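Novice: Just add 28 to wherever you are in the sequence shown, counting from 1, and you've got the working numbering. Where a beta carbon is used, it is the ideal one built from N, C-alpha and C, also for glycine. Since the structure is predicted, the reported quantities are computational estimates derived from the model, not experimental observations. Pasting in a structure now, in structure tokens, and then I'll have a few things to ask.
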Amino acid sequence: MINWVFDLDLTLYELNGNNFSYKNIIKPENLRNNLQILKGRKVLFTNGNLDHSVTCIHLLNLKNVFHKILCRELTGFKPSINSYIKAYLFSGMKQDEPTIFFEDMIVNLEMSKKFNWTTVLIKKSPSNKELNNKKVDYHFKDINSALDFFNSINGINSINGINSINGINSINGIVNKI
């Protein structure tokens, strides 16, 4: 089974302005549908607390989309290696299963590489250092662009098929293969 692991803040949504407020959350269009199309286990893996996670899930209309919600009360904070080990324990994921991780923080993606996860940076304006980081497999400017891409190959190709497309570069900045 493929595991689809998602960070929450600034990965599944953007903010209107620089200050966090629930009223400043920009809900991506069709996010629920794009997530539901993915075949496999979907896990929310966030450094946010349970209350914040549940509030965001309701605001984004993502109730019953994720198989498991992993917040800091369960796993501790990413990028601690123990948080990734606990993610396996609490989610039912297995280390021999392909795992694709969507995240906005490079340090968290780097740690996930120790578990051979495929890494997807979600960031509108990454630095050159972030774009050139060898531990980042894919870059997308927003979550829906990433989901559109993976949904187009999910079910058509196995994870080996995903790996075989390495070398794709962006056309108009939609997808960058690093």
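Quick one: what does DSSP say Tyr41 is sitting in, helix, strand or coil?
Specialist: In the structure shown, Tyr41 sits in coil (DSSP, three-state: anything other than H, G, I, E or B).
Novice: For Leu175, count the other beta carbons within 10 Å of its own beta carbon; 16 or more makes it buried, fewer makes it exposed. Which is it?
Specialist: Result: buried.
Novice: Taking the alpha helix (DSSP H) that Glu158 belongs to, which residues open and close that run?
Specialist: Note, Glu158: alpha helix (DSSP H), Asn156 to Leu159.
Novice: Excluding five sequence neighbours on each side, which residues of the same chain lie with their C-beta closer than 6 Å to the C-beta of Asn179?
Specialist: Taken in chain order, the residues that qualify are Ile65.
Novice: Out of Ser49, Val33, Ile53 and Glu57, state which residue places its alpha-carbon closest to the alpha-carbon of Asn172.
Specialist: Among Ser49, Val33, Ile53 and Glu57, the Cα nearest to that of Asn172 is on Glu57.
Novice: Where Tyr41 and Lys55 are concerned, what is the direct C-alpha to C-alpha distance, given to the nearest angstrom?
Specialist: Answer to the nearest angstrom: the Cα atoms are 6 Å apart.
Novice: Count the other CB atoms within 10 Å of the CB of Phe129; is the residue buried (16 or more) or exposed (fewer)?
Specialist: Phe129 is buried by the Cβ-count criterion.
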